[in-house]
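Visitor: Residue numbers (the numbering used here), protein chains in the order written: chain A, 1477 to 1590; chain B, 4 to 119.
#1: Looking only at its own chain, which residues have a Cβ that is under 6 Å from the Cβ of residue 1498 of chain A, when we skip the five neighbours before and after it?
#2: Under 9 Å, do residue 1552 of chain A and residue 1538 of chain A count as touching if we go by C-beta distance?
#3: Relative to the alpha-carbon of residue 26 of chain B, which residue among B/89, B/73, B/59 and B/117 has its alpha-carbon at the smallest distance?
#4: Quick one: list the residues of chain B neighbouring residue 1520 of chain A, beta-carbon separation under 7 Å, in chain order.
#5: Count the other CB atoms, across all protein chains shown, that sit within 10 Å of the CB of residue 1532 of chain A; report buried if there are 16 or more and exposed otherwise.
#6: Return yes when the Cβ of residue 41 of chain B is within less than 9 Å of the Cβ of residue 92 of chain B, no when it is not.
#7: Hey, could you find the ends of the beta strand (DSSP E) residue 1552 of chain A is sitting in?
#8: Per DSSP, which residues does residue 1588 of chain A bridge with? Please list them.
#9: Indicate the three-state DSSP secondary structure (helix, strand or coil) for residue 17 of chain B in the structure shown.
#10: For the candidate residues A/1486, A/1555 and A/1501, whose alpha-carbon lies nearest to that of residue 43 of chain B?
#11: To the nearest angstrom, report how far apart residue 86 of chain B and residue 65 of chain B are at their CA atoms.
#12: Where does the unbroken beta strand (DSSP E) through residue 1534 of chain A begin, and where does it stop?
#13: Taking C-beta to C-beta, are residue 1589 of chain A and residue 1488 of chain A nearer than 9 Å?
#14: In chain order, what are the residue ranges of uninterrupted beta strand (DSSP E) at least 3 long that sit wholly in the region 12–92 of chain B?
#15: Taking 6 Å as the limit between beta carbons, can you name the residues of its chain near residue 1554 of chain A, skipping five residues before and five after?
#16: Just verifying my parser: in three-state terms, what is the DSSP assignment at residue 1515 of chain A?
#17: Using the beta-carbon of each residue, which ones in chain A are nearer than 9 Å to residue 75 of chain B?
#18: Tell me whether residue 116 of chain B is buried or exposed, calling it buried when 16 or more other Cβ atoms sit within 10 Å of its Cβ.
#19: Does chain B have any CB closer than 9 Å to the CB of residue 1578 of chain A?
#20: Is any beta-carbon of chain B found at less than 9 Å from that of residue 1533 of chain A?
#21: For the ligand COA, any of its heavy atoms closer than 8 Å to the Cβ of residue 1490 of chain A?
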C-alpha cells in the first residue's frame, strides 16, 4: 500500500531558528515528490518538486532533499520567520499518473514563535 | 481569473440538507480536481475532471456525492442529505494538463463545510 509518513506531526520553534521536516514514503513506482505549504484557511501552495534524479533543491530559505534509495525526503527551513507558520504537506506521485496517482502525507504543523 | 476560486468559503448546514460547492479554475486549465481535508487528516481525493468529463470518480465516498463541470470551466460538487461526517474542508485544484507528473496543480482556498 502506498503511504507517506511525515514527522513530526507538529513543531514549535523560535523565530530565527532552523528546522527540518521529514517525509518517508513507500510509494512505488516513484515519479516525483512535492512539498506544499498550506497557510491557515488557504489552499496548499507548491514549494518544490523533486524527481528521481534530484538530491537537493532550494527555494529561498527552503531546501528540500531526496534520497530515493531510502525513500526519504526532508524540508529544511533556514532562519525561520513568523510567516513560515503553516502546515507543510509532502505529496508523492507514482508513475501510473492520473489524479489518483498521488499519496498525501498528513502534514507537519509548524508554529514559529517570536 | 488569477487563481482558483471557491465559494462559499464557509458553509454551515443542517444535517439532511443538500449543499452545492463551487469551483472556478484558472482560465485555460483543462484538469480539475476535488479533494476533502478532514481535521487532522491528509487530503482525500474525491473526483477528477478532464474537460467536462470525469474519468475518475473513484474517490466519491457515497452516492450522496456528485459533481459536474460545464463549459470546461466551473465545477460544482453537490452533497445530498448531508451527514455530520461530511464536515471538512473541500479543496479544488486545477492544472494545465492531465496528471500531476508533469505539471503543477494550483489549489483554491477551500470551502469549510460544517454539518450541524
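Note that beta-carbon positions come from the ideal geometry of N, C-alpha and C, so glycine has one too. Computed from a prediction, not measured in an experiment: that's the story for all the values here.
Guide: Reading from the atomic positions:
#1: 1483 and 1550
#2: yes
#3: B/73
#4: 110
#5: exposed
#6: yes
#7: 1548–1553
#8: A/1489
#9: coil
#10: A/1486
#11: 11 Å
#12: 1532–1535
#13: yes
#14: 13–16, 22–27, 34–40, 46–53, 56–59, 68–72 and 78–82
#15: 1494 and 1537
#16: coil
#17: Those do not exist, as residue 75 of chain B stays about 16 Å from chain A at its closest Cβ, beyond 9 Å.
#18: buried
#19: yes
#20: no
#21: The ligand COA is not among the ligands present in this structure, which contains no ligands whatsoever.
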